[in-house]
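*Asks:* Below you'll find the structure I mean.
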Amino acid sequence: MDLLVATHNPGKMREFRALLASLPAQILFPPDLGLMVEVVEDGATYVENARIKAEAYVRAIGGRDGIAPLVLADDSGLEVDALGGAPGIHSARYTSGSDTDRLSALLARLEEVPWERRTARFRCVVVIVTPRGDLHIAEGSCEGVIATEPAGEGGFGYDPLFYLPEFGCTMAELPVRAKNQISHRARAVRAALPLLRRLLAAGG
Ligand code: IMP
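Residue numbers (our numbering): 5 to 208.
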């Protein structure tokens, strides 16, 4: 049985490929199936948005003969305590433009905020939908502090501003393997792995 990971985000694709590598399944992404699904993420929570994505892909695959993979979608975001949890589920669209523009916007909004009040977390919800339509949910989070300037070239999104006190560097400065041990996405996937193994063994 195959596992379709419903994302086009290159950063997420890289991470999911590594995080799911131990599974006895072929890990597919939408381009592998020629799928281009427009998804409107208008849910009010990470769970709703992840579910909207996963179910949109299940529907898109529904019409294709002989293809019935498990579908996994994630929704994730950065929650900054001094901003009341923003950008949260709006992280990808916090401002228009590039990731770099969003880093600048976040820094501008935190200009007056001292180090001890710059606490934040990444959160990730993973939703898995079986070909029968059964739905399963797993979550992970990772605590950090919003740095005063970006550092590092790794990862994607807000990683250059996400400082990890226990490592003394930002998420973007961590080696890939380390991010894939401690990140919100790594934790959500780790929580889902036993279930994924069972579903794959049972054929969904
Ligand atoms: P979505 O889950 O596709 O709605 O996008 C989540 C957004 O949150 C991404 O576009 C990033 O801006 C941010 N984000 C999620 N996970 C990470 C991460 O691991 N590192 C940095 N930014 C992330």
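All C-beta atoms, glycine included, are put in the ideal place defined by N, C-alpha and C.
Are the beta-carbon atoms of MET5 and THR11 separated by less than 8 Å?
*Replies:* no
*Asks:* Please classify LEU203: does DSSP put it in a helix, a strand, or coil?
*Replies:* helix
*Asks:* Is any heavy atom in the ligand IMP found nearer than 7 Å to the beta carbon of GLY92?
*Replies:* Of the heavy atoms belonging to the ligand IMP, none sits nearer than 7 Å to the Cβ of GLY92.
*Asks:* Within 10 angstroms of the Cβ of GLU116, are there 16 or more other Cβ atoms? Answer buried if so, exposed if not.
*Replies:* exposed
*Asks:* If I follow the unbroken alpha helix (DSSP H) through LEU110, where does it start and stop?
*Replies:* 103–113
*Asks:* Tell me whether HIS140 sits in a helix, a strand or coil according to DSSP, three-state version.
*Replies:* The answer is strand: DSSP assigns HIS140 an E or B state.
*Asks:* Where does the unbroken beta strand (DSSP E) through TYR167 begin, and where does it stop?
*Replies:* 166–168
*Asks:* Looking at the structure shown, is ALA48 part of a helix, part of a strand, or coil, going by DSSP?
*Replies:* coil
*Asks:* Can you list, in chain order, the stretches of the alpha helix (DSSP H) that have 4 or more residues and sit fully within the region 10–80?
*Replies:* 14–23, 50–66
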